[in-house]
Amino acid sequence: MSMFCYQCEQTAMGTGCTRSGVCGKDDVTARLQDVLVHMTKGISMYASRARELGAVNREVDVFTVEALFTTVTNVDFDPQRVAEFIYKADNIRSEARGLYENACRKAGKLPEKLSGPAVFEPAEDIDSLVKQAEDLEIPRRKEAFGEDITNLQETITYGLKGAAAYADHAQILGKEDPAVYAVFHEVLDFLTKPDPTIDELLATALKVGELNLKVMELLDAANTGAYGHPTPTQVRVTPIKGKAIVVSGHDLRDLDMLLEQTEGKGINVYTHGEMLPAHGYPKLKAHKHLVGNYGGAWQDQVREFDEFPGAILMTTNCIQRPRESYKNRIFTTGLVAMPGVRHIPWVNGKKDFSPVIEAALAQPGFAQDGEEKYITVGFGHNALISAASTIIEAVKSGKIRHFFLIGGCDGAKPGRNYYTEFAQLVPEDCVILTLACGKYRFNKLDFGSIDGIPRLIDIGQCNDAYSAVQIALALSEAFGVSVNELPLSLVLSWYEQKAVAILLTLLALGIKNIRLGPSLPAFLSPAVLQTLVEKYEIKPISTPKEDLKAILG
Ligand code: SF4
Ligand code: SF3
């Protein structure tokens with residue numbers, strides 16, 4: 003047997019990656035990730051029971067979230083590092099078990115005798131771990147438990163992975179909620195139950211959506227608490243002469259630490275990919291050497307990093323296997339890992355970015371300024387809700403007919419041109435809201451404005467879907483109608499598991515009529531898709547023209 007992974011949109015043939023991943027994940031790493039996810043379930047079997055008896059352990063909670071985040075697409079390509087996580091998971095599981103057994107003793111109860119992931123013994127070397135992973139493979143589970151059950155269990159797992167990524171960012175900035183960790187454990191424990199019903203699985207998928215909303219709220223509080231509320235900000239998208247570091251991913255704290263450590267060093271710092279919205283945060287943009295944004299979406303990085311004359315720091319997904327030409331000047335940090343790429347670890351609550359700085363100083367930097375060009379970012383919920391009266395007036399007077407949230411991830415598939423074409427075809431009396439990295443396909447085009455309100459409004463990173471929800475709720479209150487009755491349509495592109503978490507959140511909020519593309523998830527069985535279509539009227543994208551006609555009439 004070979005690996006099987008179908009957790010992201012670019013999965014091979016739209017069914018599953020076998021042999022190796024389209025993302026570049028190798029067979030060994032894929033199987034080790036299966037073992038790691040299995041181990042997290044074992045940890046949560048104990049942790050969820052301990053919690054029912056009032057016993058919690060933060061180390062267990064944080065590790066569970068980190069382990070899930072590690073297995074998100076384009077985060078960890080290093081089998082050695084995943085194996086280290088597996089052995090750490092073994093220790094953490096012992097801790098969780100001790101916590102549970104102690105709590106039982108205190109409560110005068112006999113501990114339950116748990117099986118499956120609670121007692122799974124990880125083998126001592128990578129080859130044997132890979133062998134062990136065979137029993138956990140999705141095709142095998144489908145044979146044993148049926149397609150629908152396995153697919154729904156995986157949908158839930160992917161939603162949890164996405165929520166874990168956001169929970170980890172929030173935790174790094176000091177925002178945590180024991181009730182959030184409790185749901186992670188409860189859901190992971192649920193995934194070990196034999197014979198779940200389809201209804202139970204669907205209800206749990208929505209529970210993950212609710213969990214993710216809470217997590218995104220925490221992260222919003224973490225980001226705005228640490229760096230202030232984003233305000234509309236012009237961002238230069240062309241280079242400035244001089245030494246350079248480009249920072250990619252979603253982790254604002256990493257960017258903040260790097261900005262502090264590069265202060266006065268004569269290095270310009272650029273954002274890349276999902277780091278672009280960082281320019282809107284008052285405390286981050288206060289650093290004058292945060293000079294602009296470099297490059298396009300993540301899938302263009304190999305060519306663009308190759309051409310970048312400085313050092314590169316990857317704080318989260320999406321990293322691609324680097325070319326040899328820039329392997330010595332690209333660095334990973336946090337949970338990102340790539341064999342042969344230098345990693346900047348946490349040491350005593352700090353990260354030392356000196357190797358990144360040295361690599362940047364050793365590179366030529368940009369020889370000259372590029373032609374000046376700017377885009378605007380920074381329309382978080384605070385900024386938009388303060389402008390609500392102007393926006394509401396423009397809607398009431400008929401100047402704004404409709405809002406389109408074109409949100410989600412980007413990817414390499416040609417079908418993703420849909421989103422650019424859609425944005426270009428949106429009539430002039432309509433406003434486009436953007437979120438996440440899918441916007442890179444069209445965010446440098448000039449969309450103009452309506453009575454001073456820009457026609458393209460960037461709300462932020464994928465986790466700023468929280469801001470989008472807040473804005474939609476504020477509009478629904480102002481107009482006295484439900485969100486589904488607002489002149490607002492969601493046209494979403496998905497790629498990895500954070501998008502799955504957000505989609506589940508939108509469904510849990512009862513949002514209907516979402517258009518989803520570029521293709522539907524391979525892990526949704528026809529029967530489940532049918533339910534989603536009937537209950538939530540989810541629609542696959544067709545052509546921009548047809549979809550716009552169907553929405554606007
Ligand atoms: Fe394939 Fe996506 Fe899994 Fe990578 S993450 S192996 S591309 S399905
Ligand atoms: Fe993009 Fe990877 Fe999803 Fe935060 S950076 S959205 S794909």
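Note that our numbering has the sequence shown beginning at 3, numbered continuously upward.
Even for Gly, the Cβ is constructed at its ideal location relative to N, Cα and C.
These numbers were taken from a predicted model, which means no experiment stands behind them.
Distance between residue j and residue i (C-alpha atoms, nearest Å)
i    : j    : result
I452 : D431 : 7 Å
A223 : K177 : 8 Å
V121 : L286 : 46 Å
S484 : G294 : 39 Å
L490 : H404 : 6 Å
K441 : A425 : 10 Å
G336 : Q134 : 28 Å
I540 : G410 : 15 Å
G211 : T378 : 30 Å
Y468 : A438 : 12 Å
D258 : L221 : 16 Å
Y328 : A339 : 15 Å
R238 : I455 : 20 Å
G118 : E97  : 17 Å
T157 : Q173 : 24 Å
E276 : C106 : 45 Å
L131 : Y376 : 50 Å
A396 : L477 : 12 Å
G282 : T235 : 5 Å
E61  : I151 : 31 Å
E230 : R255 : First, the residue type needs correcting, since residue 230 is Gly and not Glu in the sequence shown. About 13 Å.
P124 : Y168 : 28 Å
Any non-hydrogen atom of ligand 2 within 8 Å of residue i CB
i    : result
E276 : yes
A166 : no
W348 : no
N1   : The chain is shown only over 3 to 555; residue 1 falls outside these bounds and no answer can be derived.
A2   : The requested residue 2 does not occur in the structure, where the chain is confined to residues 3 to 555.
C432 : no
Y497 : yes
K500 : yes
C106 : no
D412 : yes
G289 : Looking at the sequence shown, residue 289 is not Gly but His. Answer for H289: no, Cβ out of range of ligand 2.
H252 : yes
N319 : yes
Element boundaries [beta strand (DSSP E), containing residue i]
i    : result
T378 : 376–379
G400 : Neither: G400 is in no beta strand (DSSP E) and is coded neither H nor E.
R344 : 344–346
F405 : 404–410
Q236 : 235–238
L254 : Careful: L254 lies outside any beta strand (DSSP E), inside the alpha helix (DSSP H) at 254–264.
S491 : 490–495
F424 : Here F424 belongs to no beta strand (DSSP E); instead the alpha helix (DSSP H) covers 419–427.
Which listed residue (the options) has its alpha carbon closest to that of residue i
i    : options                : result
D253 : T273, I242, K245       : T273
F381 : V304, D466, L363, G312 : D466
L70  : V58, T42, I393, D549   : T42
N76  : T422, T318, L203       : T318
Y594 : A396, S117, F310, P284 : In the structure as shown, the chain begins at 3 and stops at 555. Residue 594 is therefore absent and cannot be evaluated.
Y420 : P542, I461, A501, A52  : P542
R517 : T226, Q9, E188, L534   : L534
V182 : T152, M218, F6         : M218
I332 : A299, V248, I393, Q263 : V248
N270 : G23, P279, L260, M277  : L260
L550 : I394, V24, L427        : L427
T240 : Q365, N214, L292       : L292
F406 : D448, N350, F355, V493 : V493
P196 : G251, L508, A146       : A146
A166 : F307, A501, K547, E126 : A501
G372 : K108, G251, K243       : K243
T233 : I387, E126, V67, G342  : I387
R83  : V74, V58, L34, V67     : L34
N225 : T264, Q532, A280       : A280
G164 : G26, I504, K398        : I504
P81  : S544, V64, L38         : L38
G44  : L315, D191, E326, P429 : D191
CB contact check: residue i to chain D, cutoff 9 Å
i    : result
D137 : Any reference to chain D falls outside this structure, which holds one protein chain only.
Span of the alpha helix (DSSP H), counted from its first residue to its last, around residue i
i    : result
K285 : 284–287
G519 : Where G519 is concerned, there is no enclosing alpha helix (DSSP H), although the beta strand (DSSP E) it sits in stretches over 517–519.
V77  : Where V77 is concerned, there is no enclosing alpha helix (DSSP H), given that its DSSP letter is neither H nor E.
Any non-hydrogen atom of ligand 3 within 8 Å of residue i CB
i   : result
T31 : As presented, the structure is devoid of ligand 3, carrying ligand 1 and ligand 2 as its sole ligands.
Practice problem: Would you list the residues whose beta-carbon is nearer than 7 Å to any heavy atom of ligand 1, in the order they occur in the chain? | Solution: C7, Y8, Q9, C10, Q12, T13, A14, G18, C19, G23, V24, C25, K27, A32, T75
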